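Protein chains in written order, with the UniProt record's numbering: chain R, 1 to 96; chain A, 1 to 96. Beta carbons: idealized from backbone N, C-alpha and C, even for Gly. None of these values were measured; they are calculated from a predicted model. So the structure is just underneath, and the comments pick up after that.
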């Protein structure tokens with residue numbers, strides 16, 4: 001089991017522009033047969049700080065996600081509105 | 001709905017000492033009637049980087065958690081083995 005926290009930092013003047021891109025990315029990723037969970041959250045103290053909480057069976061499933069049409073099309077469009085670089089943490093459950 | 005990411009950074013020589021404390025904290029927190037989800041993960045690149053993924057109905061439930069006997073007893077014991085300060089992000093789901 002692979003858990004991922006992916007954090008985006010978006011320009012505050014671009015939030016309305018990224019929301020439909022995020023919505024499409026979430027909807028299409030949840031349709032991927034290997035996706036277990038894929039949720040997008042927003043920092044209560046920073047409306048431009050977006051946090052993906054992801055669950056995949058393994059690294060191969062995450063790699064396949066990053067090669068999908070929707071990921072390759074939508075993520076560069078989202079990243080065009082970044083105010084700083086995104087960050088990633090890959091994790092495993094502490095207790096089996 | 002309130003989602004929380006709480007991150008602890010533990011000394012690498014103390015991991016065996018904190019694991020039973022974390023296990024008890026997770027087990028007792030999951031018994032709290034207001035807890036929706038409480039999962040502890042470990043960074044795949046840093047065995048001392050512990051990440052709680054939490055879901056609560058609201059801020060009052062999180063505040064009540066922080067006042068429980070198990071939280072007030074176990075968290076200071078865990079924090080004694082920190083190598084740097086813990087961090088917290090409080091979040092809401094991006095899409096209802």
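With which residues is residue i paired in a DSSP beta bridge?
i	result
residue 55 (chain R)	R:3 and R:37
residue 23 (chain R)	Answer is none; residue 23 (chain R) lacks a bridge partner.
residue 82 (chain A)	A:10
residue 50 (chain R)	R:8 and R:42
What is the rounded straight-line gap between the Cα of residue i and the Cα of residue j?
i	j	result
residue 26 (chain R)	residue 48 (chain R)	17 angstroms
residue 37 (chain R)	residue 77 (chain A)	33 angstroms
residue 88 (chain R)	residue 41 (chain R)	15 angstroms
residue 93 (chain A)	residue 32 (chain R)	20 angstroms
residue 20 (chain R)	residue 61 (chain A)	31 angstroms
residue 14 (chain A)	residue 79 (chain A)	11 angstroms
residue 74 (chain R)	residue 24 (chain R)	8 angstroms
residue 96 (chain R)	residue 95 (chain A)	30 angstroms
Kindly indicate which residue of the options has the alpha-carbon position closest to the one of residue i.
i	options	result
residue 46 (chain A)	A:89, A:12 and A:85	A:12
residue 86 (chain A)	A:7, A:3, A:2 and A:1	A:7
residue 34 (chain A)	A:50, A:15, A:91 and A:56	A:56
residue 63 (chain R)	R:50, R:51 and R:90	R:90
residue 84 (chain A)	A:50, A:54 and A:3	A:50
residue 58 (chain A)	R:44, R:19 and R:15	R:44
If you drop the 5 nearest sequence neighbours on each side, which residues of the same chain put their C-beta closer than 8 angstroms to that of residue i?
i	result
residue 17 (chain R)	81
residue 29 (chain R)	35, 38, 65, 68, 70 and 71
Going by beta carbon distance, what residues of the same chain come within less than 6 angstroms of residue i, once the five residues before and after it are set aside?
i	result
residue 22 (chain A)	40
residue 52 (chain R)	6 and 40
residue 3 (chain R)	55 and 91
Within 8 angstroms: the Cβ of residue i and any heavy atom of the ligand SAH?
i	result
residue 42 (chain A)	With respect to small molecules bound, the structure shown includes none, and the ligand SAH cannot be examined in it.
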